[in-house]
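Here the structure comes first, spelled out in structure tokens, and everything after it is commentary.
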């Protein structure tokens with residue numbers, strides 16, 4: 096299921112929403128068609144879903160709202176994490192700039208490479224290979240800065256500045272872990288599958304609950320459009336590295352740090 100999910104992440108969300116729209120509309124029509132066939136075979140029998148249709152629609156709406164709330168919370172958490180990392184990167188850069196010029200000649204270029212690796216991490220989108228490459232470069236450049244700072248701590252003249260840089264570096268390393276964990280954290284696949292099943296079943300029963308000759312194509316289309324739009328928003332919020340609802344504005348705070356490099 097995880098492999099299927101990764102493949103779906105590469106598909107445009109608008110295309111998936113259109114596919115869901117066709118399926119929802121088709122299930123609604125299928126329910127109405129089945130109702131007509133049953134009514135022809137048993138014309139004297141009153142066929143009604145009673146409260147079952149309303150209960151199922153309520154359950155679908157509840158799960159839809161729960162899923163939307165989950166992905167919107169994760170989206171905001173990811174955005175805040177990027178802002179926090181931008182602040183930490185700026186703090187580390189300012190502390191690196193306090194060292195003598197002889198040290199900055201090697202420390203600042205390493206820090207610049209580290210910053211570029213973090214920018215590349217976001218630019219990788221949802222491509223696993225590019226993400227792993229960016230993370231590997233992040234670890235490599237971080238270790239270089241950390242080892243260099245460890246040597247500076249042993250120098251009595253640079254020890255105070257080097258000790259001030261340690262907390263910033265530790266927080267930067269922790270932020271890398273937090274951002275990667277936030278990227279991986281998604282709505283469980285089982286919830287999405289159950290949500291889709293409920294939507295399709297509800298679409299079928301909505302059509303089945305209509306009386307023969309009482310189907311309104313405009314209403315059915317509006318029903319399918321609203322549900323597919325809701326699914327589209329859930330997909331967009333669930334993968335903010337692509338699409339129209341993304342984290343570009345937050346990522347610009349990290350990209351703009353290039354201007355602060357000497």
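In this note's numbering, the protein residues as written are 96 to 357.
Built from N, CA and C at the ideal position, the CB exists for glycine as well.
Segment contact: the region 236 to 256 against the region 190 to 209, three or more CB-CB distances shorter than 8 Å; contact assigned. When rounded, the separation of the alpha-carbon atoms in residue 253 and residue 247 is 6 Å.
Selection 347, 337, 261 evaluated against residue 108 yields 337 as nearest (Cα-Cα).
In the pairwise beta carbon analysis, the region 281 to 292 is classified as touching the region 158 to 171: at least three pairs are separated by under 8 Å. One alpha carbon belongs to residue 166, the other to residue 137, and they sit about 46 Å apart.
Proximity of the region 294 to 309 to the region 327 to 335 falls short of the contact definition, fewer than three beta-carbon pairs being nearer than 8 Å. Using a Cβ-Cβ distance cut-off of 8 Å, the region 175 to 191 and the region 253 to 270 are in contact, since at least three pairs of beta carbons, one from each stretch, lie closer than that value. The C-alpha of residue 224 is placed about 26 Å away from the C-alpha of residue 352. In the structure shown, residue 192 adopts coil according to DSSP, grouped into three states. About 13 Å separates the Cβ atoms of residue 214 and residue 342, ruling out a contact at the 8 Å cut-off.
Rounded to the nearest whole angstrom, the C-alpha separation of residue 115 and residue 171 is 26 Å. For residue 357, the closest C-alpha among the options 175, 205, 183 is that of 205. Look at residue 267 here: in three-state DSSP terms it is helix. Listed in chain order, the non-local C-beta contacts of residue 322 below 7 Å within the same chain comprise 119, 294, local neighbours out to five positions each way being set aside. Judged by DSSP secondary structure, residue 280 falls outside any alpha helix (DSSP H); it is assigned neither H nor E.
For the pair residue 155 and residue 297, the CB atoms are nearer than the 8 Å cut-off.
In this structure residue 348 touches residue 181 by the C-beta definition: roughly 4 Å separates them, less than 8 Å. Membership of residue 230 in the alpha helix (DSSP H) is indicated by the continuous run 223 to 248.
Secondary structure at residue 146: coil, using DSSP grouped into helix, strand and coil. Here the alpha carbons of residue 290 and residue 133 stand approximately 28 Å from one another. A direct Cα-Cα distance of roughly 20 Å separates residue 179 from residue 226. Closest in alpha carbon position to residue 210, among 221, 194, 184, is 184. DSSP places residue 312 in the uninterrupted alpha helix (DSSP H) bounded by 312 to 333. CA-to-CA, the gap between residue 129 and residue 277 works out to about 45 Å.
Excluding its 5 nearest sequence neighbours in each direction, residue 125 has C-beta neighbours in its own chain below 7 Å: 299, 302, listed in chain order.
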